[in-house]
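In this note's numbering, the protein residues as written are 1 to 138.
Yeah, the Cβ is synthetic: ideal placement off N, Cα and C, and Gly gets one too.
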C-alpha cells in the first residue's frame, strides 16, 4: 500500500506540474527530473526519434549537451528503441552482460570520457505512442 501511495503521489505531482506549466520544454525537463528522483538515479535522458535524420536525439539530458545516436543495436538506447524492450544493465562496462541482452550491443565509454561521468548501471525503456516506438527514456 505504501508503494501505491508513493507512486500515486509522484504521478499526481507530475499532473499538477503539467496543469501549471504551458511550456512543453519545461514540462519535459520536470518529467525527467521527477522520474530521476523517483528512481533514485544520478542522471536521466529522454531520447526522441528524429525521423528526418534517422537518429535518436536527446531532448532532455541532465549533465550534458545534446546527444545524437544512430538507430542501430550497437548502443543500449538504439537496441531498446528497435526491439521495444526495456533493458536493464547492472554493470555498464560488462561486455558479457550487454551481449546477453543482444549480441550486437557494444561497450562504449565515449560519453563518459567526454563528460567525466562514470556510468554504473543503466535502465532503458521505450516510449511508445499509438503503437509505435517514438523514443527512449534512459
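With DSSP run on the structure shown, which of helix, strand or coil describes residue i?
i: residue 40; result: coil
i: residue 119; result: coil
i: residue 139; result: This structure leaves residue 139 out entirely; the chain is present only between 1 and 138.
i: residue 82; result: helix
i: residue 2; result: Low local confidence applies: a pLDDT of 49 at residue 2 is under 50, so the model's placement there is unreliable, with the coordinate-based value given in what follows. Residue state, collapsed to three classes: helix.
i: residue 71; result: coil
i: residue 32; result: helix
i: residue 25; result: helix
i: residue 113; result: helix
What are the residues that DSSP puts in a beta bridge with residue i?
i: residue 153; result: One cannot answer for residue 153 here, as it falls past the ends of the chain, which runs 1 to 138.
i: residue 135; result: 48, 127
i: residue 58; result: 47
i: residue 76; result: Answer by DSSP bridge pairing: none, since residue 76 is not bridged.
i: residue 89; result: 122
Given that a residue counts as buried once 16 or more other Cβ atoms are within 10 Å of its Cβ, and exposed if not, what is residue i?
i: residue 116; result: exposed
i: residue 137; result: buried
i: residue 107; result: exposed
i: residue 15; result: exposed
i: residue 131; result: exposed
i: residue 69; result: buried
i: residue 47; result: buried
i: residue 76; result: buried
i: residue 105; result: buried
Any heavy atom of the ligand FAD within a distance shorter than 8 Å of the CB on residue i?
i: residue 45; result: Absence of the ligand FAD from the depicted structure is noted, as is the absence of any ligand whatsoever, leaving it without description.
Meets three-Cβ-pair contact criterion under 8 Å: the stretch 117-131 and the stretch 81-101: yes
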